[in-house]
Structure formats: C-alpha cells, structure tokens
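Following: one structure in structure tokens, then a few remarks.
Protein chains: 2
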Amino acid sequence: MATIRDVAKLADVSVSTVSLALSNPARVSQKTLEKIRHAVAAVGFVADPLAQSLARGRSRMVGFVVGNVGNPFFGDIRRELENYALDHGHFVLVTDSSGKTEREKAMVEHLIGLKMAGLALAPSGHDQDYVDFIGGLNIPIVCFDQKVAGIERDFVGSDNHLAGAMLTEHLLQLGHRRIAFIAGPSHMHTATERYRGFMDTMANAGIEVNPNFVVDGQFTRTAGYEAAMRLLIQPERPTAILGANNAVALSALQAMQELGFRCPEDISLAMIDNVQWSSVITPRITMVVQDTLALGGIIARRLMHRITNPQGAVEPPQDFVLTPKFVPGNSCRRI
Amino acid sequence: MATIRDVAKLADVSVSTVSLALSNPARVSQKTLEKIRHAVAAVGFVADPLAQSLARGRSRMVGFVVGNVGNPFFGDIRRELENYALDHGHFVLVTDSSGKTEREKAMVEHLIGLKMAGLALAPSGHDQDYVDFIGGLNIPIVCFDQKVAGIERDFVGSDNHLAGAMLTEHLLQLGHRRIAFIAGPSHMHTATERYRGFMDTMANAGIEVNPNFVVDGQFTRTAGYEAAMRLLIQPERPTAILGANNAVALSALQAMQELGFRCPEDISLAMIDNVQWSSVITPRITMVVQDTLALGGIIARRLMHRITNPQGAVEPPQDFVLTPKFVPGNSCRRI
DNA sequence: TGATTAAATCGAACCGGTTCGATAGAGCTC
DNA sequence: GAGCTCTATCGAACCGGTTCGATTTAATCA
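These protein sequences, in sequence, are chains U and H. According to the numbering used here, the first sequence holds residues 2 to 336 in order. According to the numbering used here, the second sequence holds residues 2 to 336 in order.
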C-alpha cells in the first residue's frame, strides 16, 4: 500500500503539502497540484481511513443501531439512510443489538470508539441509566421509532396514538363493541401510545373496555401467541382483535386458525405495521402503516445536517412526528 | 479520554510496559502489574480501538457483507455469527450492498481499509473481474450462499441440487406431470443448481419438460409475479408450480389468488427457502428449507478459526455443503 | 566472587495520516 | 529600496497506541 510519504517523495514536495492538496486543493498552487495528482495516480495512493480518523478525531462513517435489522421497518429506513449518506460521502455501519440494552450500549460505545460522525439509533432502553448514557454521548445522534422520556435528542417517529385510534375507530364504525387489544411492553413509548389511542377512542365512544380484553403480547411472536390464546378461550369472546404491532396480530391470526376460528367471519383482526408478505396472507389484514421511506429520509437528512453543518451540531433537538396511513384489507367485517 | 500515557505516568512505568502488561500480563512482574491495574482503573483507561488497529495493522472486527440484511435467511446467519464472534472478542459490522456488485466492492474495500480481521461474504458477483477482486484480497474470508466458480475460498452453503430434486420428486409422487419451474438468475449458482435438480429429476422420471413451463423469475418479487402470470395465462396450464426461491413462489401465489385460482385445488405450489410469516400464509406452502442456524455456526467457527489460529490463515479452502430439509405444507395435492 | 543467562523494563521508531506555526518568496505600495 | 502583506510550502508535533532491540535488574552457576 502506498502511503502519503511515497506520494510526497515522488512529487518532490513535503508530506504536509500533499495532505493539504488532497483536503483543500484551492490552497495549493496549480503547478504543485498537478505534480501531486500525477504522483497520486502513479503510486495508486488511497488514504488510509483509519489513520485519517485517528488524526482527525472523527471518521466519515455513520452508525445505524437497531434491535432487529431483519424487521422490514428498520430495513426500509436503513436503505434510505444508506443512500443519502453515501451521496454525502459517508458509509453506514449497521449493528444489531437483538433488542438487548446491554449489547446496544456496548455497540454504541464501540462505534464511538471508531469515531463515528453520527448515529441513527432506535433506542432499546428506557430507564434513567440508559437516558444518562445516551445523554452523555458527545456525538450527533438522531433517535427514531421509540421516543424515550428524558432523552434530549432529535426524534423521528410516527403518531402512534393516532395509529391506535384510527383502527379502533374503524372497528367501531363497523359495529364492533367487544374489541380486544393485544398490547406491547409498557415501557415502550410506541406501545403505550397505541394503547392510549385505543382506550381514548373507546372512551370517547362511551364504551367500557372489558379488562379481560386487554392482554400483553410484548410485541413478540411467542408472547403474542399466548396472549391471543388467552383471549380466544374466554367464554365471552371479542368480536374483533386489534394487535398493537404486526407480530402480535399475526400470532393472533395463527392462534385463530389453529382453534378453527375464521377471520373475519368469526373474529375481525387489525394491526399496526406491515410485514413483508402481507399481500399473500389470507385474509389481507386491515392495518395502519408507517411511512418508512419518509421516516428514513428525515432521519438521514437530519443526521447529515448535524454532521456536515458546523452550526448544525448545536441546534436544539427537534421532534418529527409523521402521520401513519390506513390500509384497508378484508380482515374486518361489519356486524 | 485517558490515554496510555496517563496510565504510565500514574503507575510510574514506561508506556511500553503498560502496553505490554495489557496485551500480555504474564510477561510483567506481579508488582508492576498491580500498579498498572490500579492506574488503569483510576483514570478509567480504555484503549482506543482506532489507534490499536492502526498500530497493529488489524482490528478486532469482522465484516458481514450481504445483499439484503432484511432477508431472514441472512438474518439468522448474522445472529449466529454475531454471538460466536462476540464470545471471541470480535465485533460484527454489517453492510448491505442491496445486491449491487459495485456497491459491494466499495464496501468490502472500505471494510478492508478498516483493517477487518475477517469477512463473511455472500457474493453478489460472478464475472472474472469479480473473481479476481475477491481472490486478490489478503484477508480471511468465508463465502456463503452463492458458490462462485473460480473463487478459492472457504464456502458454506446448502445442497441446492438436492433441494430442487426433493420438491420435484414430491410433486411427482403426488401424481403431477405438468410441473412448471420459476427459475432464478442463470448467473447464480443456487439458481442453476436448483434448476438442474428439477430437470434431472424430471428426466430420471422419464418426463419431458414443456419449455413453456420454465420461466425466469430472477429471484425477485416483480419478475416472479410476471413469470407466474405468464405461466397462468397459458391454455395448457401446469398442475403444479415449483418456485426456485421464496420470492418467486409467493409472487406466484399472489398471481394465482388474483386470477381466481385456488391453491392447492387448482394448482399446487412448492418453494425453496422459508419466509418469516409462512405459518399464517394460506395455504401453508410445502417447502425445502436451509438449516440457517447450522450454516451460521459453521461460517462463524470457520472464520474465527482462520482469524485466531496462526496457521489457520494458510489452510486450504474448504467447502461445507449442508443438506436442506423438507417441510410439508398443504399447498400440494394428489392428482 | 565473577561470569552467564533469564526476566523485567525502557526508549525510540513506527503505523499513516492531520494541523498549525514558521519561513521563504512574490507582489505591491510609498 | 525599505516595509508590508499574501501566498505557497515546509517541519515538527501530534493522534494513541504497538513493537522490538537495548538496557537494567535479578537469579543461576562455576
């Protein structure tokens, strides 16, 4: 590998002049610039990013930290960020914490050790320790998906209260009254908001929610399945189930199928967030989806803005909340 | 941030002794080791990974390069690799080329610039240029998924010929003769092998394959949909469709649903590779799946072996080919 | 006790860049 | 031609570690 000193020797100038010419060509005379360019081409010089990062104190990379890269929601956002960052000369490094807060912390620390220019982070934690940890990081960060109370950072997400309310209202319009809700973890902002959207809408309609109709699905497949089963074995069954996310809703569909209930004839089903092959799932689930492309675009622009604009780093944090979209399916019937 | 010089000053030893103590405690006297340990704790010293990588010439990170991290197949493998690598003190950095060979090359070069200890790579290219590129890299690499002719590296994958043959045989056993095949890109090893598995099995059964029954689905959703439509509008329709991967098969299912064909009553369907929510797709597709956990485990162990064992680097490349598994569904009927 | 060897520690060079103050020379003014 | 400003270039220090040959110290042996 050719080093900058090889270039300097060949071009017969000092190392510092080469470095200057490469980072700020305007400050070098035309003649020496030519010489240096030739030398660079001749020896095939490419600057070592590691050495650059060490000397500069920061790299031209941004980190993308989520709990599950396999989730298409995060996948879309990643793609948007990547395209935008690449256009602005930055590489995206992806890390997956598998939802484990401790692992996420370690990964974030590692990325910061790598002198990342910035981080796009879907927070996995929520306690004070975690908030302090994120707050103490001295690096541009854009948080997304989960809004964590206490974290003073840019945030990009969807209106989850509205998402819950939209589907609830839809079910009410279809005549449903016995609506069950499979909730997510209570420490997650998206989960509580969706739950509130459901409860508020029911309350506004003057309908009391049967406490047995609210079960905890933890946003996961296994817990969602269990929660759905608990709903379905009750003597007084709900006429509709609202899943707070895709995993719990589809687990409910599976449970229904296994017990011999037909959807939507016996029980209607609606969910928040899409999955990859929803178009071939029968019935097509009525859902509310987030605008992942828009979210990804905002995250990307905001982060790169903070990174590239000198004064961008000190701008006060801002929240960007997008409106989700209703996507009708045929999993909800009128009763 | 505390540096190694702060530690040396506090412990009243030289910088080199601190470095030595940290990397090879046995070669330092018990007394100084204690002093150094105390000093490290006192100033909160953590070695800068960047500086270490620069000085050592390599980092303690491995790169994971695929065309689509969102694909659960790659997701499972990533998880296995990550767990194993973490246990051996290495971080995994994920990059997604979106299937673009040029982007993949740039990413691989960037990772090598980062002095990665090794790479787990699902090759996206196939031409001589690409083979030369991969061959020219002086770093432990384990390739997986696609076997590329000419690349002399460890390879971990499944027996794709067998995968195609298994499903074909299954359909033959059920009495099908007019079996259609939605193929993948001809430059991909997995695609050609699966195709050969289909053709060989048909030939062995003495059945001539109608050329109109072999269509190109490019392993993608859109091309798969188009290919399936071409199959379904023929006057002489197939009684069964075999999709060379999950995307083309599920696109075919969608096309069938849209045209009003019932599966399996009108047309049977089988596919290679699972998808995330296959259990709630109706009908449950009969398929052959790869053992992703086993694949991931082998990739992880092989890569870490090459990285950590001094002589591991020079061992000749080896192929690991696993047997896929038949998973019956109810998308194929006897005729 | 002096010579020999092994163990512990150190100093300096190095990895490959960046940055900043110093210096030399060119161009301009009076 | 002295004085001044700008521009182009350079040298040296630095980022924060590692490594290796040299040196000091301690232990072993004749």
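Note that beta-carbon positions come from the ideal geometry of N, C-alpha and C, so glycine has one too. Note that the structure is a prediction, hence the values are computed from the model and not measured.
Specify, as a first and last residue, the run of the beta strand (DSSP E) that residue i falls within.
| i | result |
| --- | --- |
| Leu323(U) | Asp320 to Leu323 |
| Ala3(H) | Run containing Ala3(H): none; DSSP gives neither H nor E here. |
| Thr287(H) | Thr287 to Val290 |
| Ser269(U) | Ser269 to Ile273 |
| Lys101(H) | Neither: Lys101(H) is in no beta strand (DSSP E) and is coded neither H nor E. |
| Ala181(H) | Ile180 to Ala184 |
Using a beta-carbon distance below 9 Å, is residue i in contact with chain H?
| i | result |
| --- | --- |
| Lys106(U) | no |
| Phe134(U) | no |
| Gly76(U) | yes |
| His89(U) | no |
| Val210(U) | no |
| Asn246(U) | no |
| Ile273(U) | no |
| Leu251(U) | yes |
| Thr309(U) | no |
| Ile282(U) | yes |
| Phe92(U) | yes |
| Val95(U) | yes |
What does residue i touch in chain U if you count any residue whose Cβ is under 9 Å from its own?
| i | result |
| --- | --- |
| Ser99(H) | Arg80, Glu83 and Asn84 |
On the CB-based measure, 16 or more other CB atoms within 10 Å of its CB, does residue i come out buried or exposed?
| i | result |
| --- | --- |
| Asn139(H) | exposed |
| Thr287(H) | buried |
| Asn310(H) | exposed |
| Glu237(H) | exposed |
| Gln277(H) | buried |
| Arg263(H) | exposed |
| Glu316(H) | exposed |
| Ser60(H) | buried |
| Ser279(U) | buried |
For the alpha helix (DSSP H) containing residue i, name the first residue and the last one.
| i | result |
| --- | --- |
| Thr96(H) | Not the alpha helix (DSSP H): Thr96(H) falls in the beta strand (DSSP E), residues Phe92 to Asp97. |
| Leu23(U) | Val16 to Ser24 |
| Val132(U) | Gln129 to Gly136 |
| Leu260(U) | Asn247 to Leu260 |
| Met62(H) | From DSSP, Met62(H) is part of no alpha helix (DSSP H) but of the beta strand (DSSP E) over Met62 to Val67. |
| Ser54(H) | Pro50 to Arg57 |
| Ile308(H) | Thr293 to Thr309 |
| Gly225(U) | Arg222 to Leu233 |
| Gly198(U) | His190 to Asn205 |
| Leu168(U) | Asn161 to Gln174 |
| Gly76(U) | Pro73 to Asp88 |
| Ala1(H) | It is not possible to answer for residue 1(H), since the shown part of chain H is limited to 2 through 336. |
Please compile the residues from chain U whose C-beta is within a distance smaller than 7 Å of the C-beta of residue i.
| i | result |
| --- | --- |
| His413(H) | Missing from the structure shown is residue 413(H); chain H here goes from 2 to 336 and no further. |
Under 9 Å between C-beta atoms, does residue i make it to chain U?
| i | result |
| --- | --- |
| Asp49(H) | yes |
| Leu232(H) | no |
| Lys116(H) | yes |
| Gln255(H) | yes |
| Ala70(H) | Just to set this straight, residue 70(H) is Val in the shown sequence, not Ala. Yes, contact with chain U. |
| His171(H) | no |
| Tyr16(H) | For clarity, residue 16(H) is Val in the given sequence; the question names Tyr instead. It does not: the Cβ of Val16(H) has no partner Cβ on chain U nearer than 9 Å. |
| Gln277(H) | yes |
| Pro73(H) | yes |
| Pro258(H) | Looking at the sequence shown, residue 258(H) is not Pro but Gln. Yes, contact with chain U. |
Below 8 Å on C-beta distance, what does residue i contact in chain U?
| i | result |
| --- | --- |
| Ala52(H) | Leu55 |
Quick one: which chain H residues come within Cβ less than 9 Å of residue i?
| i | result |
| --- | --- |
| Ile37(U) | Neighbours of Ile37(U) on chain H: none; closest Cβ ~21 Å, over 9 Å. |
What in chain H is Cβ-close to residue i, meaning under 8 Å?
| i | result |
| --- | --- |
| His111(U) | Pro50 and Phe92 |
Shorter than 8 Å, the distance from the beta carbon of residue i to the closest heavy atom of the ligand NAP, or not?
| i | result |
| --- | --- |
| Ala184(U) | The ligand NAP is not part of the structure shown, which contains no ligands of any sort. |
I want to know whether the region 137 to 153 of chain H touches the region 174 to 185 of chain H - three or more CB-CB distances under 8 Å. At 8 Å Cβ cutoff, the stretches do not touch.
Are the region 299 to 315 of chain H and the region 114 to 124 of chain H in contact at 8 Å, needing three or more beta carbon pairs? These segments touch.
Are at least three pairs of beta-carbons, each pair with one atom in the region 253 to 269 of chain U and one in the region 217 to 237 of chain U, less than 8 Å apart? Short answer: they touch.
Do the region 13 to 25 of chain H and the region 36 to 49 of chain H meet, that is, are 3 or more Cβ pairs less than 8 Å apart? Two segments are said to touch when three or more pairs of C-beta atoms, one from each, lie closer than 8 Å; by this definition the region 13 to 25 of chain H touches the region 36 to 49 of chain H.
Check whether the region 21 to 39 of chain H and the region 312 to 332 of chain U touch, using three or more Cβ-Cβ pairs below 8 Å as the test. In short, these stretches do not touch, since the Cβ pair count stays below three.
With three or more beta-carbon pairs closer than 8 Å as the criterion, would you say the region 242 to 255 of chain U touches the region 205 to 212 of chain U? Output reads no: the region 205 to 212 of chain U does not touch the region 242 to 255 of chain U.
I want to know whether the region 107 to 117 of chain U touches the region 67 to 83 of chain U - three or more CB-CB distances under 8 Å. Contact between the region 107 to 117 of chain U and the region 67 to 83 of chain U is absent, because fewer than three Cβ pairs lie under 8 Å.
For the structure I just gave you, are there three or more beta carbon pairs, one from the region 61 to 68 of chain U and one from the region 95 to 107 of chain U, closer than 8 Å? Yes: at least three Cβ pairs fall under 8 Å.
How about the region 264 to 277 of chain H and the region 263 to 272 of chain U: do they share at least three Cβ pairs that are nearer than 8 Å? Remark: fewer than three beta-carbon pairs, one from each stretch, lie closer than 8 Å, so the region 264 to 277 of chain H and the region 263 to 272 of chain U are not flagged as touching.
I'd like to know if the region 187 to 200 of chain H and the region 156 to 165 of chain H are in contact, where contact means that at least 3 CB-CB pairs between them fall below 8 Å. By the criterion of at least three beta-carbon pairs nearer than 8 Å, the region 187 to 200 of chain H is in contact with the region 156 to 165 of chain H.
So does the region 92 to 100 of chain U actually touch the region 87 to 97 of chain H, counting three or more Cβ pairs closer than 8 Å? Output reads yes: the region 87 to 97 of chain H touches the region 92 to 100 of chain U.
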